[in-house]
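Peer 1:
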Ligand code: SAH
C-alpha cells in the first residue's frame, strides 16, 4: 500500500538534520520520510518550509536555524556573489573534507559492496581558495549592460560577478577585462530564449607554472564584430595573454564550446608544467583545473602503477596525455586513447615537446579501440582509466577482465560510478587494494578518487 507523505506543501515544521546528500543538501527524517533542505548541516535544528512533495521524499527551504553545526561558516551577504558555484560555501574546509570522505566510504559500501578496502583519509589543500586555472563564464545583459558570472542555482539567471574565490586571480581579471572590452565596444550578449545575439561565454585558461594566459570568446555568430579592436584591447590590458581564440557555437544547447575554433591572435595553445612534464593545451582540450592537486593525484597514479621500466601501459581516457606522459618516464611503453581529436594532437605534440618517444596515442572511444587492440593480440601490464562522470563503458570493463592486466589504476570524478565499476572488476577477478580520495575541487561537491586494483591469482 502506498503511504502518504507525512508533510504537505507550504507547511512549516521543525526538523533535525542527520545527513548530507552528495550534492550538499541536509537530510531530515520525518517519521522515516526524507526531507532535503539546501544550506543545512547534520546536527542542526531548524524551522523549514516544505516546498515540494514527492511520494518518497520532499524538498524544503531553510527559514530559521535553532542550533548550528560547529562546521558551519557564515558568509556576509555582500560577499555572497564571490562564492558562486561553491555549493559547500556554508561548511568549513575541515567539514567539507569529512563530508567527502564519508561519501566515498558510504558509496563504496552501498553500491560497490566493498567492505574490506582501505579508504585513506582525503588529501586536502593547505589553501583551498583561488585554485582554478580555468573559467567558462556565461554572458547576458541587464539594463542594456553586459553581465557575466554564474547561474543562480536551479535557474538560468546570471549573477554578475567580478571576483570568484575559487578562481585564480589572473582568471578573474581576464574574464572581467574581456567583459568590459566587449561592453565598451557594444557587442550584444546572446539570448537563450530567442537564440539571438552574439556573445555566449567568455573563457579563460591560465598556465600557472608558465604565466601564459588564453582567452576564448564564444559566440553564436561566425563573425565576431569589432574583432581587431577586441584583440588590440585584450593585448593592451592583459599582458599575460599568449593566445586569443574565437569559438563558434551556433547551436541551441547547454554545451559551452562549439566545434569551430579560429585563432585570432598569438598561439593556438598555451603551455603549463605538471612536475617536470610540459604540456600544450588548446581551447577545446580537457586539462585538470586544479594544478596543485593534480600533482598529488598523478604522483599517486605513478605509485599505484608501480612501474619498473619493463611494463606496457594503456591509458584510457587520456585527454592531452597528462597521465600517459607522467607514466612514460617509468614504463617501457604507453598507449593513450581519447575521443577528442584535438586532445590527441596535443598529446602527440606534448610527447615530442618532452622528448618522450615511448608513448603512442590513438583517437577513438576507449570501449571500441581497446577491445580492437586486444583482438589483435595486444595486452598491457598496467591499465589506467580516468573516465568522465558516467564511468567506464561495460565493453571496456569486459575487455579489461579478459585482457587481465596485472594492475588497474582507476581515477574517478564520481564515487557512484567508481563503486559500480569496481564491483564489476571485482566480480571479474580483481581485488581493490586501496582508494585515495583527493580534494581537487574545494568548496564544491565534486569528489575525486584514485584506486588501485590487482589481478587475483
Ligand atoms: N586523463 C586525463 C583526462 C581525463 S578527463 C587527465 O587527467 O587530464 C576524461 C577524458 O575522457 C576527457 O578528455 C574526454 O574527452 C575523454 N572521453 C570521454 N568519453 C570517452 C570515450 N568514450 N573514450 C575515450 N575518451 C573519452
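Numbering (the numbering used here), first residue to last: 57 to 513. For each residue, glycine too, the CB sits at the ideal point set by N, CA and C.
1) Is residue 393 near the ligand SAH, in the sense that its beta carbon is under 8 Å from a heavy atom of that ligand?
2) My assumption, with CB atoms under 8 Å, is that residue 184 sits in contact with residue 149. Please give the rounded CB distance.
3) Considering just the uninterrupted stretch of the alpha helix (DSSP H) at residue 151, what are its terminal residues?
4) State the beta-bridge partners of residue 488 as determined by DSSP.
5) Helix, strand or coil for residue 137, going by three-state DSSP, please let me know.
6) Determine the extent of the beta strand (DSSP E) in which residue 496 is found, giving its start and end residues.
7) Report whether the distance from the Cβ of residue 507 to the nearest heavy atom of the ligand PLP is below 8 Å.
8) Which same chain residues end up closer than 7 Å to residue 348 when comparing Cβ atoms and leaving out the 5 residues on each side of it in sequence?
9) Along the chain, where does the beta strand (DSSP E) that runs through residue 273 open and close?
10) Which same chain residues end up closer than 6 Å to residue 329 when comparing Cβ atoms and leaving out the 5 residues on each side of it in sequence?
11) For residue 326, I'd like the list of residues in its chain whose CB is within less than 6 Å of its CB, leaving aside the five on either flank, ordered along the chain.
12) Identify, in the order they occur along the chain, each residue of the same chain with its Cβ nearer than 8 Å to the Cβ of residue 397, setting aside the five sequence neighbours on each side.
13) Determine which residues share a DSSP beta bridge with residue 317 and list them.
14) Rounded to the nearest angstrom, how far is the Cβ of residue 507 from that of residue 490, given a contact under 8 Å?
15) Sort out for me which residues DSSP pairs residue 75 with in a bridge.
16) Flag this pair as yes or no: are the beta carbons of residue 129 and residue 353 separated by less than 9 Å?
17) With distances taken Cα to Cα, identify the nearest neighbour of residue 257 among 242, 95, 231.
18) May I ask you to list the residues that DSSP assigns as paired with residue 466?
19) Taking the C-alpha atoms as reference points, what is the distance between residue 293 and residue 233?
20) Please return the same chain residues whose Cβ sits closer than 8 Å to the Cβ of residue 120, not counting the five positions on each side in sequence.
21) State the DSSP-derived secondary structure class of residue 394, mapped to helix, strand or coil.
22) Taking its Cβ as the centre, do 16 or more other Cβ atoms sit within 10 Å of residue 259, making it buried, or is it exposed?
23) Between residue 405 and residue 427, what straight-line distance do the alpha-carbon atoms span, to the nearest angstrom?
24) With DSSP collapsed to three states, give me the class of residue 198.
25) Can we say the stretch 317-324 touches the stretch 158-177, given the rule of at least three CB pairs closer than 8 Å?
26) From 228, 285, 253, 229, pick the residue whose C-alpha is nearest to that of residue 240; which is it?
27) What is the DSSP secondary structure of residue 57, reduced to helix, strand or coil?
28) Among 100, 143, 422, which residue has its Cα nearest to the Cα of residue 71?
29) Residue 102 by DSSP, collapsed to three states: which one?
30) Quick check: does the Cβ of residue 344 come within less than 8 Å of any heavy atom belonging to the ligand SAH?
31) Which residues in the same chain as residue 57 place their Cβ atom closer than 8 Å to its Cβ, once the five residues preceding and following it in sequence are excluded?
32) Residue 429: which of 303, 335, 372 sits nearest, CA to CA?
33) Since I believe residue 64 is in contact with residue 106 (beta carbons under 8 Å), could you give me their beta-carbon distance rounded to a whole number of angstroms?
34) For residue 471, does the count of other Cβ atoms within 10 angstroms reach 16, so buried, or fall short, so exposed?
35) What residue range is occupied by the uninterrupted beta strand (DSSP E) comprising residue 296?
36) So, does the stretch 135-150 touch the stretch 432-450, judging by three or more C-beta pairs under 8 Å?
Peer 2: Straight from the coordinates:
1) Taking the chain shown and counting its residues from 1, one reaches residue 393 at position 337. Correct: residue 393 has its Cβ closer than 8 Å to the ligand SAH.
2) Reading the chain shown from its first residue, position 128 is the one you call residue 184. Reading the chain shown from its first residue, position 93 is the one you call residue 149. Yes, they are in contact, since the Cβ atoms of residue 184 and residue 149 sit about 5 Å apart, within 8 Å.
3) Reading the chain shown from its first residue, position 95 is the one you call residue 151. Judged by DSSP secondary structure, residue 151 falls within the alpha helix (DSSP H) whose first and last residues are 149-166.
4) Within the chain shown, numbered from 1, the residue matching residue 488 stands at position 432. 509, per the DSSP bridge assignment.
5) Residue 137 sits at position 81 when you count from the first residue of the chain shown. If DSSP states are grouped into helix, strand and coil, residue 137 belongs with the helices.
6) Within the chain shown, the letter at position 440 stands for residue 496. Residue 496 -> no beta strand (DSSP E), and no H or E assigned at all.
7) The ligand content of the structure shown is limited to the ligand SAH, which means the ligand PLP is not among them.
8) Taking the chain shown and counting its residues from 1, the one referred to as residue 348 is at position 292. The residues are 181, 187.
9) Residue mapping note: residue 273 aligns to position 217 of the chain shown, counting from 1. For residue 273, the enclosing beta strand (DSSP E) stretches over residues 268-275.
10) Here residue 329 is taken as the residue at index 273 of the chain shown, counted from 1. Correct list, in chain order: 265.
11) Counted from its first residue, the chain shown places residue 326 at position 270. 263, 268, 270, 298, 299, 337, listed in sequence order.
12) In the chain shown, residue 397 corresponds to position 341, counting from 1. Here the set comprises 419.
13) Along the chain shown, read from residue 1 onward, the residue named residue 317 stands at position 261. 303, per the DSSP bridge assignment.
14) Sequence index remark: in the chain shown, residue 507 carries index 451 (1-based). Sequence index remark: in the chain shown, residue 490 carries index 434 (1-based). Yes, residue 507 and residue 490 are in contact; Cβ-Cβ is about 7 Å, under 8 Å.
15) The residue you call residue 75 lines up with position 19 of the chain shown. For residue 75, which the question treats as bridged, DSSP gives the partners 83.
16) Translated into positions along the chain shown, residue 129 becomes position 73. Translated into positions along the chain shown, residue 353 becomes position 297. In this structure, residue 353 does not lie closer than 9 Å to residue 129 by Cβ.
17) By one-based count along the chain shown, residue 257 stands at place 201. Nearest of 242, 95, 231 to residue 257, Cα basis: 231.
18) One-based indexing of the chain shown puts residue 466 at position 410. According to DSSP, which records beta bridges pairwise, residue 466 is partnered with 441, 507.
19) As a working note, residue 293 is residue 237 in the chain shown. As a working note, residue 233 is residue 177 in the chain shown. Computed Cα separation, rounded: 7 Å.
20) On the chain shown, residue 120 is found 64 positions in, with the first residue counted as 1. 102, 103.
21) Reading the chain shown from its first residue, position 338 is the one you call residue 394. Note: residue 394 maps to strand in three-state DSSP.
22) Working through the chain shown from its first residue, we reach residue 259 at position 203. Burial call: buried.
23) By 1-based counting over the chain shown, the position of residue 405 is 349. By 1-based counting over the chain shown, the position of residue 427 is 371. So the two alpha carbons sit approximately 26 Å from each other.
24) Translated into positions along the chain shown, residue 198 becomes position 142. Reduced to three states, the DSSP call for residue 198 is strand.
25) Fewer than three Cβ pairs drawn from the stretch 317-324 and the stretch 158-177 lie within less than 8 Å of each other, which leaves the two stretches out of contact.
26) For this step, residue 240 is matched to residue 184 along the chain shown. The shortest Cα separation from residue 240 among 228, 285, 253, 229 belongs to 285.
27) Here residue 57 corresponds to residue number 1 of the chain shown, with the count starting at 1. Because residue 57 sits at a pLDDT of 46, beneath the cut-off of 50, its placement in the model cannot be relied upon, and the point is left open.
28) If you number the chain shown from 1, residue 71 lands on position 15. Residue 71 has its Cα closest to that of 100, out of 100, 143, 422.
29) For this step, residue 102 is matched to residue 46 along the chain shown. Of the three classes helix, strand and coil, the one that applies to residue 102 here is strand, per DSSP.
30) Taking the chain shown and counting its residues from 1, one reaches residue 344 at position 288. Yes; taking the cut-off as 8 Å, the Cβ of residue 344 has a heavy atom of the ligand SAH nearer than that.
31) Residue 57 sits at position 1 when you count from the first residue of the chain shown. The predicted position of residue 57 is uncertain, since its pLDDT is 46 and thus under 50; no value can be drawn from it.
32) For this step, residue 429 is matched to residue 373 along the chain shown. If we check each option's Cα against that of residue 429, 372 comes out closest.
33) Residue mapping note: residue 106 aligns to position 50 of the chain shown, counting from 1. Residue mapping note: residue 64 aligns to position 8 of the chain shown, counting from 1. The pair is a contact, with the Cβ atoms about 7 Å apart (cut-off 8 Å).
34) Indexing the chain shown from 1 puts residue 471 at position 415. Buried is the call here.
35) Taking the first residue of the chain shown as 1, we reach residue 296 at position 240. Run containing residue 296: none; DSSP gives neither H nor E here.
36) no
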